[in-house]
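Residue numbers (our numbering): 7 to 304. Where is the CB? At the ideal position from N, CA and C, for every residue including glycine. This structure is a prediction, so every number in the text was calculated from the model and none was measured. Notes for the one structure printed next.
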């Protein structure tokens, strides 16, 4: 059984990204594209790319590969420390892709995710227990329903700490997590009427892990059960693209968990990683490195 630092389970796809020269255009107007790429993406795919750049040995699983997406993903990771041998190739499936239009402050994704998740055929893997046994820490996406929960249960069973993103406070995905990053987008969709401070308390009371509420370039709330809420202002950098910043923040938390950073160090490191991601485009071809992160972090 091959040992690896990190096990990642979740969304792995091909992202078609388009960087605009100016702001996202108004309807019936023109927008100039300055750069375009077809590269691996998704919350897990991007996190794997970043963690490999930071020197980690990564095993990832999740989304079924399709005949149009697998060759690109396999080619990209062949010279990186990311093991994709658990991925399943479905030759009857084109593969999952998204299309993202990016300006300096926004990114607008287009895809077929509603169709993907509503399809009777579930095109994602169940986690392999041996992959989890052989890792040190893990990162889990919540999107694959019972299989995401199974991944969390296996991590709990084998005492593997894991980072979670955007899960409800009454789920085992949250309860078992060592670090849980909850985005403003998720809060607005899942708890639109909630008071942010009260919601934060709901989260911290239901886990022994670290809870973080992120809000883009705005204040990060973080803390644990029975402790005062703490705040951190994200690092400011010249922004080229925000695509993948949240996924990079997740990767930064996984790296911090692997290296047993304390809560303050975790938030600073993850924030610096996300800032580094925002200062270049695209992440797969110019990912954050420890040198770049430490330059911001220090």
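Check: What are the uninterrupted segments assigned as beta strand (DSSP E) that are 3 or more residues long and contained completely in the stretch 52 to 133, given in chain order?
Finding: 64 to 68, 103 to 108, 113 to 116
Check: Among 59, 95, 210, which residue has its Cα nearest to the Cα of residue 72?
Finding: By one-based count along the chain shown, residue 72 stands at place 66. Nearest option by C-alpha distance: 95.
Note to self: Does the contact criterion of 3 or more C-beta pairs under 8 Å hold for the stretch 233 to 249 versus the stretch 283 to 303?
What the structure shows: yes
Notebook entry, point to check: Can you tell me whether DSSP reads residue 143 as helix, strand or coil?
Noted result: Against the chain shown, residue 143 aligns to sequence position 137. It is a strand residue.
Notebook entry, point to check: Thinking just about the alpha-carbon of each residue, which of 145, 26, 65 is nearest to the one in residue 172?
Noted result: Stepping through the chain shown from its first residue, residue 172 is reached at position 166. With distances taken between Cα atoms, residue 172 lies closest to 145.
Checklist line | Backbone secondary structure at residue 255 - three-state DSSP | finding: Position 249 of the chain shown, counted from the start, is the residue given in the question as residue 255. DSSP places residue 255 in helix when its eight states are reduced to three.
Item checked: Proximity of residue 260 and residue 141 at Cβ, strictly below 8 Å -> If you number the chain shown from 1, residue 260 lands on position 254. If you number the chain shown from 1, residue 141 lands on position 135. Cβ distance not < 8 Å, so residue 260 and residue 141 don't count as in contact.
Check: On the premise that residue 139 lies in contact with residue 79, defined as a C-beta separation below 8 Å, what is that separation, rounded to the nearest angstrom?
Finding: Within the chain shown, the letter at position 73 stands for residue 79. Within the chain shown, the letter at position 133 stands for residue 139. Residue 79 to residue 139, Cβ: 25 Å. No contact.
Next item on the list: May I ask you to list the residues that DSSP assigns as paired with residue 170?
Entry: Here the question's residue 170 lines up with position 164 in the chain shown. Residue 170 pairs with 146, 186.
Next item on the list: Can you tell me which of the three DSSP states residue 151 falls into?
Entry: On the chain shown, position 145 is the one that residue 151 refers to. The answer is helix: DSSP assigns residue 151 an H, G or I state.
Next item on the list: Select from 226, 221, 16, 52 the residue whose C-alpha is nearest the C-alpha of residue 68.
Entry: The residue labelled residue 68 in the question sits at position 62 within the chain shown. Closest by alpha carbon: 16.
Note to self: DSSP has residue 138 in a bridge; who is on the other side?
What the structure shows: For the purposes of this step, residue 138 is identified with residue 132 of the chain shown, where counting begins at 1. Its beta-bridge partners do not exist; DSSP assigns none.
Notebook entry, point to check: By how many angstroms is the C-alpha of residue 28 removed from the C-alpha of residue 150?
Noted result: Counting from one through the chain shown, the residue named residue 150 turns up at place 144. Counting from one through the chain shown, the residue named residue 28 turns up at place 22. Distance between the alpha carbons of residue 150 and residue 28 is about 36 Å.
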